[in-house]
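Going down the list, the sequences are from chains A and B. The opening position of the first sequence corresponds to residue 6 in my numbering, with each subsequent residue numbered one higher. The opening position of the second sequence corresponds to residue 49 in my numbering, with each subsequent residue numbered one higher. For every residue, glycine included, the Cβ atom is placed at its ideal position computed from N, Cα and C. Report on the following structure.
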Amino acid sequence: MRDVAVISVAQTRHRRRVRELNEVEMLMPAVHGALDQVGMTIDDIGFTCSGSTDYLAGVGFSFVSTLDAVGPWPPIQESHVEMDGAWALYEAWVKLQLGEVDTALVYSYAKSSPGDLPMVLTRQLDPVTVAPLWADSISLAALQAQALIDAGKATEAQMAEVAARSRAAALGNPHAQLAWDRPAAELLEAEPLVGPLRRHDCPPISDGAAAVVLAAGDAARERVERPAWIRGIDHRIESIHLGLRDLTVSESTRLAAQRAGVADGPVDVAELHAPFTHQELILRHALGLADDVAVNPSGGALAANPMMTAGLIRIGEVATRIAAGEADRGVAHATSGPCLQQNLVCVLEGEG
Amino acid sequence: MAEVTLPPSLRDVEPVRSVRTPARLDYQFTAGDATSRFLRNVARKRIVGQRAPGGRVYVPPRGADPELGQPTPEEVEVAQVGTVTSFCVVNLQFYGSVMEIPYVSALILLDGADLSIMHLIQEVPADEVRIGMRVEAVWRADAEVEPTLESITWFRPTGEPDDADVRIPGEDHGTGLGSWVGGVAPTAALVRNPRTGQGGPGGAT
Chain A
6 MRDVAVISVA QTRHRRRVRE LNEVEMLMPA VHGALDQVGM TIDDIGFTCS
56 GSTDYLAGVG FSFVSTLDAV GPWPPIQESH VEMDGAWALY EAWVKLQLGE
106 VDTALVYSYA KSSPGDLPMV LTRQLDPVTV APLWADSISL AALQAQALID
156 AGKATEAQMA EVAARSRAAA LGNPHAQLAW DRPAAELLEA EPLVGPLRRH
206 DCPPISDGAA AVVLAAGDAA RERVERPAWI RGIDHRIESI HLGLRDLTVS
256 ESTRLAAQRA GVADGPVDVA ELHAPFTHQE LILRHALGLA DDVAVNPSGG
306 ALAANPMMTA GLIRIGEVAT RIAAGEADRG VAHATSGPCL QQNLVCVLEG
356 EG
Chain B
49 MAEVTLPPSL RDVEPVRSVR TPARLDYQFT AGDATSRFLR NVARKRIVGQ
99 RAPGGRVYVP PRGADPELGQ PTPEEVEVAQ VGTVTSFCVV NLQFYGSVME
149 IPYVSALILL DGADLSIMHL IQEVPADEVR IGMRVEAVWR ADAEVEPTLE
199 SITWFRPTGE PDDADVRIPG EDHGTGLGSW VGGVAPTAAL VRNPRTGQGG
249 PGGAT
C-alpha cells in the first residue's frame with residue numbers, strides 16, 4: 006500500500022439558499038482555496054474526481070459544467086461519482102494506490118435549494134416498490150428513530166442531547182449554517198415534526214461545496230508539515246429494501262470500520278455523517294467508539310448538510326484537526342441512501 | 049436453488065409484466081451571477097459577455113473560464129453581428145417544436161466573442177445557409193423584450209461577403225493549429241497551457 010494523505014481542505018460557508026451564484030461560481034472558492042493553500046494549480050494535480058448528483062440541479066450531466074472551475078485544459082485525468090464526495094475521494098485513493106499519479110483533487114458540491122429536497126431524495130429509493138409511494142427522507146428517518154426507541158436503544162432525551170451538543174459545537178465552526186446554544190431539556194418541549202423527530206433532530210437543507218487535495222508519500226511530505234495519512238478506508242452497502250434491514254443497527258458501518266481498522270488504535274476525534282440525531286447513536290455503536298471520543302466537534306451534518314458534500318467534509322474536518330496537531334488519530338464517516346444504507350469509514354493519522 | 053412456487057390464491061391471477069411509476073419534480077432554477085447579468089442585459093437589447101484574464105470573451109458567460117478555471121469578472125459588450133460557424137437544417141417536426149420546417153439552427157460567433165451562441169437563421173432559404181455567412185440579430189418589439197435569448201427572434205443574413213477565414217471557436221485551443229493536426233490528436237507539445245503559457249506551436253513562449 007502507498008502512503009496517501011489529505012494535505013489540503015477547503016469548504017464554502019454553507020447556506021440554506023445560494024441564489025446569486027450558479028454551481029460553478031459557488032464551487033470555485035472551494036477548489037481554488039484547497040489548491041492555493043498548498044501552492045498548487047491544476048497542472049500539479051494527477052487526477053481529479055468529483056461527487057454530485059443531477060437530481061439536485063434537475064439537469065442532466067450537471068457536473069460537466071462545474072468542471073470549468075478546475076481549468077481542465079490541457080486535458081486532465083478526471084472522473085465523477087454520482088455520490089457524496091467521500092466516494093470520489095475513495096476513487097482518487099484507489100487511483101493513487103495504482104501508482105500512476107502522486108496527487109489528486111477531490112471536490113463535491115450541491116445546491117439542494119432549487120428542488121423540494123425530501124421529495125427529490127425519494128428518487129434514490131427502489132423505483133418499483135417504494136419510490137412510487139414518495140416516502141420522503143424525513144419520514145423514513147422517523148421510522149428508523151421510532152424503531153430505535155421501540156427497541157430501547159435510544160430515548161428522545163438522548164437524541165436531544167446530540168442536537169444540543171452538535172449545534173453548540175457549530176458555534177466554533179465558521180462554515181456552519183446552523184448553530185445555537187440551548188439546553189437539551191428545552192428542546193424536548195417542541196412539538197414533533199414527523200414523530201418521534203422534532204425539528205432539532207433533523208439537518209438543515211444546505212447549499213455548499215468542499216474540496217480536498219490528496220498526495221502520496223514524499224509528494225505529501227514536501228508540501229505540508231503534518232500530512233493526515235489515510236491509514237484505512239472502506240465502504241459497504243446494504244439492501245435498498247428497508248424491510249430487509251434491522252434499522253436499529255448499521256451493519257455496513259460496522260463492517261467498514263472493521264476493514265478500515267478503527268479499533269487498531271485509540272481514536273481522538275470522530276466526524277460522523279449523521280444527518281439525524283438518532284443516527285449518531287447508531288453510528289457510535291457500529292464504530293465501537295469509546296465514550297471519551299470527541300464526536301463531531303465541527304457540529305457535523307446537524308450544523309450543515311450539503312448533499313453529496315457533507316461526507317467529504319467529515320474527512321476534511323478530521324484531516325484539519327490532525328494537520329493542526331489537535332489530534333493524532335481520527336475517524337471520518339460518510340453515509341448515503343435512506344436510513345444509513347451505504348457507509349464509508351476512513352481512518353486518518355498524523356506522524357510524530 | 050429451491051423451486052419457487054406461487055401460493056394457491058395467486059395461481060389464476062394474471063402475471064404482472066410491467067409497472068408504470070410516473071414521477072415529476074419541480075425546480076426553481078436560478079441562473080447565477082454571470083448568466084443573470086447576461087440575461088438582464090438581453091432585456092435591454094445588449095449582448096454582454098465576460099472576458100477571462102487570459103483574453104477570451106465568453107458569451108453567454110457562466111462566471112468561470114474553463115481554460116484557467118478562474119472567475120471572469122470583466123464584462124464586455126459584443127456585437128450583434130456575427131458569423132455562422134456551424135449549422136443544421138431541421139427537416140423533422142418534433143414534439144414541442146413551434147417552427148415551420150425546414151428551418152436552420154446555427155452556431156453563431158458574434159464579433160468580439162470567443163464562444164458561439166446557438167440560434168435560428170431565418171429570412172433566407174434553408175439551403176442557402178453556409179459556414180462563414182454573416183448574420184445579424186433581429187429583436188422582438190421593445191415591449192416584448194424579456195430576459196431570455198428568445199428576445200432575439202432569429203438571426204438573418206447581413207448581405208456582407210462571407211468570412212472565408214472563419215474561426216471555429218474552441219477548436220484550436222490557442223494553438224492556431226485546429227484540434228487535429230494532420231489527423232493527429234493534439235500532444236503536449238502542440239497544446240498551449242493557458243496558466244503557464246508553455247507549449248503550443250513554436251514551443252515554450
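The alpha-carbon separation between Arg24 of chain A and Arg59 of chain B amounts to approximately 56 Å. Under the DSSP assignment, Trp202 of chain B falls outside any alpha helix (DSSP H), being part of the beta strand (DSSP E) whose first and last residues are Ile200 to Pro205.
Residue state for Trp78 of chain A is assigned as coil, using DSSP reduced to three classes. Inclusion of Glu276 of chain A and Arg319 of chain A in the CB contact set at 7 Å is warranted, their separation being smaller than that value. In the structure shown, the three-state DSSP call for Arg203 of chain A is strand. His290 of chain A: member of the alpha helix (DSSP H) spanning Thr282 to Leu292, first to last residue. Taking a contact as a CB-CB distance under 8 Å, the pair Thr83 of chain B and Pro109 of chain B counts as one, their CB atoms being some 7 Å apart.
Residue environment: Arg104 of chain B is assigned as buried (16 or more neighbouring CB atoms within 10 Å of its CB, all protein chains considered). In the structure shown, Met166 of chain B adopts extended strand secondary structure according to DSSP, grouped into three states.
Using a Cβ-Cβ cut-off of 7 Å, Asp162 of chain B does not count as an interface residue toward chain A, since no Cβ of chain A sits closer than that to its own. Residue-level contact by beta carbon holds for Asp73 of chain A and chain B, with a gap shorter than 7 Å.
Per DSSP, the unbroken alpha helix (DSSP H) holding Phe68 of chain A starts and ends at Ser67 to Thr71. A contact is defined here as three or more CB-CB pairs under 8 Å, and the segment 116–127 of chain B fails this definition with respect to the segment 201–208 of chain B. Taking a 10 Å sphere around the C-beta of Ser84 of chain A, we find fewer than 16 other C-beta atoms and assign the residue as exposed. With at least 16 other beta carbons inside 10 angstroms of its own, Gly335 of chain A counts as buried. Along the length of the segment 208–289 of chain A, whole alpha helix (DSSP H) runs at least 4 residues long occupy 222–228 and 256–265, reported in chain order.
Non-local C-beta neighbours of Gln151 of chain A in its own chain, meaning closer than 7 Å and more than five positions away in sequence, comprise Pro201, ordered along the chain. Pairing Asp59 of chain A with Pro55 of chain B, the inter-Cα distance amounts to about 42 Å.
Within its own chain, the residues whose Cβ lies closer than 7 Å to the Cβ of Thr127 of chain A, once the five positions on either side in sequence are excluded, are Ala136, Trp139, Ala140 and Asp141, listed in chain order.
Within the segment 204–225 of chain A, not one residue has a Cβ closer than 8 Å to any Cβ of chain B. At a cut-off of 7 Å between beta-carbon atoms, Val125 of chain A makes contact with chain B. With distances taken between CA atoms, Ala216 of chain A lies nearest to A:Leu110 out of A:Leu145, A:Leu198, A:Leu130 and A:Leu110. At a cut-off of 7 Å between C-beta atoms, Leu58 of chain B does not count as an interface residue with respect to chain A. Residue-level contact check: Val29 of chain A touches chain B, since one or more beta carbons of chain B fall below 7 Å from its beta carbon. Interface with chain B (7 Å Cβ-Cβ cutoff): Leu247 of chain A is excluded. By the C-beta density criterion, Thr134 of chain A is exposed, having fewer than 16 other C-beta atoms within 10 angstroms.
Excluding residues up to 5 positions away in sequence, Leu153, His283 and Leu286 lie with their Cβ nearer than 7 Å to the Cβ of Ala159 of chain A in the same chain. Judged by beta-carbon spacing, Thr258 of chain A lies within the 7 Å limit of Asn348 of chain A, meaning their Cβ atoms are closer than that value.
For Ser70 of chain A, the chain B residues whose Cβ falls inside 8 Å of its Cβ are Arg110, in order along the chain. Around Val133 of chain A, the beta-carbon contacts reaching into chain B at under 8 Å are Val67 and Thr69.
Note on geometry: alpha-carbon atoms of Phe77 of chain B and Pro119 of chain A lie some 6 Å from one another. For Tyr112 of chain A, there is no enclosing alpha helix (DSSP H); the residue is part of the beta strand (DSSP E) that begins and ends at Thr108 to Lys116. Under DSSP, the beta-bridge partners assigned to Ser13 of chain A are A:Val218.
Per DSSP, reduced to three states, the secondary structure at Ile154 of chain A is helical. Taking C-beta atoms as the reference points, Val75 of chain A and Thr46 of chain A fail to come closer than 7 Å.
In the DSSP annotation of this structure, the continuous segment of the alpha helix (DSSP H) that includes Phe86 of chain B starts and ends at Asp81 to Val90.
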